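Enquirer: Right, I'll just put the structure down here and ask away after.
2 protein chains.
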Amino acid sequence: MAKRKAVSIKDVARESNASLTTVSLVLNNRDGRISRATRERVLSAVERLGYRPSRLAQSLQSQRSGFLGILVPQLRHAFADIYFGELISAIQETAAENDYKIILDVANPRYLERNHHLELFRRHYIDGLLCLGVTNNDTYLDDFSDDHPVIVVNNRVAGIDLDFVQCDYAEAGRIAATHLCELGHKKIGYIHGATEVQTTADLRDGFEDVLNRLKLSLPTSRTEDGLYTEEGGAAAAIALLTRDPGITAIFSGNDKMAIGAISGLKQIGKRVPDDVSVIGCDDIHHAEFCDPPLTTIHTPIFEVGARACKLLLDLISSKAESVRETQAVSLSVRKSTAAPRKGRNGATQ
Amino acid sequence: MAKRKAVSIKDVARESNASLTTVSLVLNNRDGRISRATRERVLSAVERLGYRPSRLAQSLQSQRSGFLGILVPQLRHAFADIYFGELISAIQETAAENDYKIILDVANPRYLERNHHLELFRRHYIDGLLCLGVTNNDTYLDDFSDDHPVIVVNNRVAGIDLDFVQCDYAEAGRIAATHLCELGHKKIGYIHGATEVQTTADLRDGFEDVLNRLKLSLPTSRTEDGLYTEEGGAAAAIALLTRDPGITAIFSGNDKMAIGAISGLKQIGKRVPDDVSVIGCDDIHHAEFCDPPLTTIHTPIFEVGARACKLLLDLISSKAESVRETQAVSLSVRKSTAAPRKGRNGATQ
DNA sequence: CTGAAAGCGCTAACAC
DNA sequence: GTGTTAGCGCTTTCAG
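For the record, the sequence lines run as chains A and B.
Numbered as in this note's numbering, the first sequence ends at 349 without a single skipped number.
Numbered as in this note's numbering, the second sequence ends at 1349 without a single skipped number.
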């Protein structure tokens, strides 16, 4: 670990018999006025010394850190989640293309209590922030008022005026309902995720909207919380069919719960889709590989992440003033949905 | 976006009628010599102004960035991977506990070509680096020679002398082989991941070791590359059983491929574990929820990540000189392995 | 065409 | 007890 002392711009200046200014000018291509000879001399010294300007000093000077923050909620191993992972990948990629780097923070209670989310800006850690997995309970978001570049990714927060980029979850709900209804299902169950998430509300609204229009209802007895997890989805599906064995289809608020639901249904001897159809939402990579492959609503998560990052950069460079975008979703039909079997109790409302 | 101007230590000094030094002293608790009254005055000014020291300036001064880097290889959406996600979660958590923040970088070809991995240190972005998903082809790691705090996480690199923390994959291979042999399997297939990964070699060595000792062999005809993906695992399993229908068990180098293998086996009409047993390696969260629940080798990934981060911090603060650790693994029996059915061709070598 | 000097916000010797 | 000053490494006026 024999850390050789870092070489600074001073060393380059000395080595090339030029002044600090000249070196800086050359390195920043502000060298319209620098003679070719001097330029060469400086560049060769830079090369020889392996000099690279300190980003710390540059940032102090420019008052821009060159970092973007990603704030995720505290979950079981926050980053071991495909949904967040996909968003983070998209954000990282977009940031890197624009010479920004990404900082990762987890908003646990202690973190928020100590106002670490505010320190992110106050202490000049970052130039902009992307908030993932936000819920309507996250009142701390209010602290970002309107004087910091912050974008809520794939969500909105009711009552807080923040920029966002999201998928059209109301439409996702409508598509799911339409698909199941067109197959002929009448008694449809619904497994939702955290109700304090705004897009969860959107999804349900869209879903119920179609059901209502077709004179089918969504009684609370056909509704269960799946906690956005596989375990939760399994438990919810079992609860649903235990309470109302006539249910022939289930719409799950995300794919994880849908996969759990399929597993739960199997446990109680129900076949998918023969006895019960299951449709998810998200279209995670794994959806294609479950048994049966999951019919789901494709949400362009990666694109949303990339777009959110791009727009945040625009916000930072004042190329944009305000950002509110909603991206289209689509149906991805696989094998977990089918028409209900005739003559079964499920076919009669 | 009416960004009110940032308040600096100068403002606090003015507001509290004290000097910069005094303010700094108070804030850093080096205030043994400061009078109680002054102290109060400073603190109240800090409070009133909402002052927080700039990390940029502090870092420039202290020559420590307070950041740790995580370098991951370029994969399809690098962070949408449970394995990396788990490591990153562990690292982030440990870093946060020690007042460090995490920077995320993806080592794509362009990145490496431009020596961005070296800039990480040269330009003072980070104080230490954790490399994930490393292979023996990653010669750029050599650039970190021995003058930077770098730890390879859950791997080693053949021929490059770098610190590492890893699971005992040789033992994992031995445990898997022993489990299958004890169940009575004779013809065992093996699906491996990228062979340029050192731990893959370890795993195979351990696996073959046991097989050889029991006078069972692992001919290349019973070996397939599963590319560390589900799709690859499915294809590999199908290839394996097509070539040698006598195979009654498969060991997969990771859970993802094992899950793919199960899906592939189903496609060709094989039941798991009735016709073919499948054992994975990793024990990812999802392993419990596939159908059938996956028997696998539990590797303490989270612990490895946390430990690697802790040791990196020790390296940085010179509390440690060199780091080489190997963590124990264990068998997690679920439902995807069973004794081979009697009288089947698989039972005779 | 080039360089001296100020300043970004902070810490720490060193006075007083 | 408290303040002055230099300096961390860089960019950028402003002179020359």
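Just so it is clear, CB atoms sit at the ideal spot from N, CA and C, and this is done for glycine as well.
Given the structure is predicted, the values throughout are model-derived calculations rather than measurements.
Nearest by alpha-carbon distance to Thr-1248/B: which of Glu-1303/B, Asp-1283/B, Pro-1292/B, Arg-1222/B is it?
Expert: Taking the second sequence and counting its residues from 1, one reaches residue 1248/B at position 248. Residue Arg-1222/B is the option with its Cα nearest to Thr-1248/B.
Enquirer: Kindly provide the ranges of any alpha helix (DSSP H) runs that are 4 or more residues long and lie completely inside the stretch 242-298 of chain A, ordered along the chain.
Expert: Segments of the alpha helix (DSSP H) lying fully in the stretch 242-298 of chain A: 255-267.
Enquirer: Can you list the beta strand (DSSP E) stretches of 3 or more residues lying completely in the stretch 163-230 of chain A, in chain order?
Expert: Counting only runs of 3 or more, we get 163-167, 188-192, 223-225.
Enquirer: What residue range is occupied by the uninterrupted beta strand (DSSP E) comprising Ala-107/A?
Expert: Reading the first sequence from its first residue, position 107 is the one you call residue 107/A. Its beta strand (DSSP E) spans residues 101-107.
Enquirer: Ala-37/A: buried (16+ other C-beta within 10 angstroms of its C-beta) or exposed?
Expert: Translated into the one-based positions of the first sequence, residue 37/A becomes position 37. The residue in question, Ala-37/A, is exposed, as its Cβ has fewer than 16 Cβ neighbours within 10 Å.
Enquirer: Taking only beta carbons into account, state which residues of the stretch 1064-1089 of chain B come closer than 7 Å to chain A, listed in chain order.
Expert: Residues passing the 7 Å Cβ filter: Ser-1065, His-1077, Ala-1078, Phe-1079, Ala-1080, Asp-1081, Ile-1082, Gly-1085, Glu-1086, Ile-1088, Ser-1089.
Enquirer: Using 8 Å as the Cβ pair cut-off and three pairs as the minimum, do the stretch 328-344 of chain A and the stretch 113-130 of chain A touch?
Expert: Because the criterion of three Cβ pairs below 8 Å is not met, the stretch 328-344 of chain A and the stretch 113-130 of chain A do not touch.
Enquirer: Only counting runs of 4 or more residues, tell me where the alpha helix (DSSP H) segments fall wholly within the stretch 1024-1093 of chain B, in order along the chain.
Expert: Whole alpha helix (DSSP H) segments, 4+ residues: 1036-1049, 1055-1062.
Enquirer: Please work out which residues of its chain come closer than 6 Å, Cβ to Cβ, to Ala-1158/B, disregarding the five sequence neighbours upstream and downstream, and give them in chain order.
Expert: By 1-based counting over the second sequence, the position of residue 1158/B is 158. Counting only Cβ-Cβ distances below 6 Å, and skipping sequence neighbours, we find Asn-1136, Gln-1198.
Enquirer: DSSP three-state call for Gly-128/A: helix, strand or coil?
Expert: Residue 128/A sits at position 128 when you count from the first residue of the first sequence. Note: Gly-128/A maps to strand in three-state DSSP.
Enquirer: Against chain A, which members of the stretch 1026-1049 of chain B pass a CB distance test of less than 8 Å?
Expert: Cβ contacts with chain A come from no residue of the stretch 1026-1049 of chain B.
Enquirer: Could you spell out where the beta strand (DSSP E) holding Ile-1151/B opens and where it closes?
Expert: Taking the second sequence and counting its residues from 1, the one referred to as residue 1151/B is at position 151. Note, Ile-1151/B: beta strand (DSSP E), 1150-1153.
Enquirer: What residue range is occupied by the uninterrupted beta strand (DSSP E) comprising Asp-303/A?
Expert: As a position in the first sequence, residue 303/A is number 303, starting the count at 1. The sequence given here has Glu at residue 303/A, not Asp. Note, Glu-303/A: premise wrong, no beta strand (DSSP E); alpha helix (DSSP H) at 301-316.
Enquirer: Bridge partners of Glu-1325/B, per DSSP?
Expert: Counting from 1 along the second sequence, the entry for residue 1325/B is found at position 325. In the DSSP output, where bridge partners are listed per residue, Glu-1325/B has Val-1165/B.
Enquirer: Can you tell which of Phe-1164/B, Gln-1092/B, Arg-1048/B has its C-alpha closest to the C-alpha of Phe-1067/B?
Expert: The sequence position of residue 1067/B within the second sequence is 67, counting from 1. Among Phe-1164/B, Gln-1092/B, Arg-1048/B, the Cα nearest to that of Phe-1067/B is on Gln-1092/B.
Enquirer: So Ala-1306/B and Ala-1090/B are in contact, right, with Cβ under 8 Å, and what is the actual spacing, rounded?
Expert: Residue numbering aside, residue 1306/B sits at position 306 when the second sequence is read from its first letter. Residue numbering aside, residue 1090/B sits at position 90 when the second sequence is read from its first letter. That pair is a contact at about 4 Å.
Enquirer: Which residues in chain A have a C-beta closer than 8 Å to the C-beta of Pro-1053/B? List them in chain order.
Expert: For the purposes of this step, residue 1053/B is taken as the residue at position 53 of the second sequence. Arg-123, listed in chain order.
Enquirer: Which residue from Gln-61/A, Leu-240/A, Val-7/A puts its Cα closest to that of Glu-47/A?
Expert: Counting from one through the first sequence, the residue named residue 47/A turns up at place 47. Nearest option by C-alpha distance: Val-7/A.
Enquirer: Measuring straight from C-alpha to C-alpha, what distance separates Ala-1234/B and Thr-1242/B?
Expert: As a first step, residue 1234/B is located in the second sequence; it is residue number 234 there, counting from the start. As a first step, residue 1242/B is located in the second sequence; it is residue number 242 there, counting from the start. Distance between the alpha carbons of Ala-1234/B and Thr-1242/B is about 12 Å.
Enquirer: Where do the N-terminal and C-terminal ends of the alpha helix (DSSP H) with Leu-1351/B fall, by residue?
Expert: Nothing about residue 1351/B can be read from this structure; chain B reaches only from 1001 to 1349.
Enquirer: Would you be able to state if there are at least three C-beta pairs under 8 Å between the stretch 1294-1305 of chain B and the stretch 1275-1283 of chain B?
Expert: Enough Cβ pairs lie closer than 8 Å, so yes.
Enquirer: Within the same chain, show all residues whose beta-carbon is closer than 7 Å to that of Val-333/A, passing over the 5 residues directly before and after it, in chain order.
Expert: The sequence position of residue 333/A within the first sequence is 333, counting from 1. Cβ neighbours of Val-333/A beyond the five flanking positions: Thr-295.
Enquirer: Please return the same chain residues whose Cβ sits closer than 8 Å to the Cβ of Leu-180/A, not counting the five positions on each side in sequence.
Expert: The sequence position of residue 180/A within the first sequence is 180, counting from 1. Here the set comprises Ile-188, Ala-249, Phe-251, Ser-277, Ile-279, Thr-337.
Enquirer: Using a Cβ cut-off of 7 Å, pull out every chain A residue sitting near Ser-1263/B, in sequence order please.
Expert: Mapped onto the second sequence, residue 1263/B falls at position 263. Chain A residues near Ser-1263/B: Phe-289, Asp-291.
Enquirer: If we call anything under 8 Å between Cβ atoms a contact, is Leu-132/A one with Val-72/A?
Expert: Working through the first sequence from its first residue, we reach residue 132/A at position 132. Working through the first sequence from its first residue, we reach residue 72/A at position 72. Going by C-beta atoms, Leu-132/A is nearer than 8 Å to Val-72/A.
Enquirer: Using only the alpha-carbon positions, how far apart do Glu-1230/B and His-148/A sit?
Expert: To locate residue 1230/B, count along the second sequence from 1; it is residue 230. To locate residue 148/A, count along the first sequence from 1; it is residue 148. Distance between the alpha carbons of Glu-1230/B and His-148/A is about 42 Å.
Enquirer: How about Leu-1129/B: is its C-beta nearer than 8 Å to some C-beta of chain A?
Expert: As a position in the second sequence, residue 1129/B is number 129, starting the count at 1. False, the Cβ-Cβ gap to chain A never drops below 8 Å.
Enquirer: Find out if the Cβ-Cβ distance for the pair Ser-1024/B, Ile-1034/B is shorter than 8 Å.
Expert: On the second sequence, residue 1024/B is found 24 positions in, with the first residue counted as 1. On the second sequence, residue 1034/B is found 34 positions in, with the first residue counted as 1. Not a contact, by the Cβ cut-off of 8 Å.
Enquirer: To which residues of the same chain is Asp-244/A closer than 8 Å at the C-beta, ignoring the five residues directly before and after it?
Expert: Your numbering for residue 244/A matches position 244 in the first sequence. Contacts found: Lys-187, Gly-189, Ser-221, Arg-222.
Enquirer: Counting along the chain, where does the alpha helix (DSSP H) carrying Ser-16/A start and finish?
Expert: Walking along the first sequence from the start, residue 16/A turns up at place 16. Here the alpha helix (DSSP H) through Ser-16/A covers 9-16.
Enquirer: In whole angstroms, give me the CA-to-CA distance for Leu-265/A and Arg-271/A.
Expert: Locating residue 265/A in the first sequence gives position 265, where the first residue counts as 1. Locating residue 271/A in the first sequence gives position 271, where the first residue counts as 1. If you take the alpha carbons of Leu-265/A and Arg-271/A, they lie about 7 Å apart.
Enquirer: Taking only the alpha-carbon atoms, compute the straight-line gap between Asp-1202/B and Ala-1170/B and give it to the nearest angstrom.
Expert: Taking the second sequence and counting its residues from 1, one reaches residue 1202/B at position 202. Taking the second sequence and counting its residues from 1, one reaches residue 1170/B at position 170. Straight-line Cα distance between these residues: approximately 5 Å.
Enquirer: Closer than 8 Å by C-beta to Leu-1049/B: which residues in its own chain qualify, once you throw out the five before and the five after it? Chain order, please.
Expert: Your numbering for residue 1049/B matches position 49 in the second sequence. Excluding sequence neighbours, Leu-1049/B sits near Val-1007, Asp-1011, Val-1012, Glu-1015.
Enquirer: Hey, Val-1304/B and Ile-1151/B are a contact pair by Cβ (cut 8 Å); roughly how many whole angstroms apart?
Expert: As a position in the second sequence, residue 1304/B is number 304, starting the count at 1. As a position in the second sequence, residue 1151/B is number 151, starting the count at 1. The Cβ separation is near 11 Å, so there is no contact.
Enquirer: To the nearest angstrom, how far is the alpha carbon of Val-1210/B from that of Arg-1174/B?
Expert: In the second sequence, the residue the question calls residue 1210/B occupies position 210. In the second sequence, the residue the question calls residue 1174/B occupies position 174. Taking the straight line joining both Cα atoms gives about 6 Å.
Enquirer: What are the residues that DSSP puts in a beta bridge with Leu-1331/B?
Expert: For the purposes of this step, residue 1331/B is taken as the residue at position 331 of the second sequence. Note: Leu-1331/B sits in a beta bridge opposite Ile-1297/B.
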